[in-house]
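One structure below.
In the numbering used here, the protein residues as written are 2 to 125.
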């Protein structure tokens, strides 16, 4: 054969790309300011909305719809891997804080609608 043996060729160093879990490891740092801010805003907004409604005189299970804004705010605590995920989590936290403010009024409106519908169906 006319091919030279591989033993005679100088060996070139092979470069391996660093195998990171994420291509930009500096973006995976823990961020605490936005989730902490949205958690505090959600709790304050929920407290203000609940105190200004008729729900404190109702059974405690009427406050279960507050789990939706708290769940949206909990999404903000997940570690973002990309800038788009960080933006999505900031939006989820802000929607959770906004929903917490109006959640009690929405529950009151649903209960009033149900009461009115039952009254119209069953009569006087």
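Just so you know, even glycine gets a beta-carbon here, dropped at the ideal spot from N, CA and C.
Shown here, residue 55 sits in coil according to DSSP, grouped into three states, outside any helix or strand.
Judged by DSSP in its simplified three-state form, residue 74 adopts helix.
In the three-state DSSP reduction, residue 88 falls in the helix class (H, G or I). Secondary structure at residue 120: helix, using DSSP grouped into helix, strand and coil.
Exclusion of the five residues before and after residue 39 leaves 74, 77, 94, 98 as the residues of its chain whose Cβ lies within less than 6 angstroms of its Cβ. Note that the C-beta distance between residue 67 and residue 104 is below 8 angstroms. Only residues of its own chain outside the window of five on either side were considered, and among them 57, 64, 105 have a CB closer than 7 angstroms to the CB of residue 51, listed in chain order.
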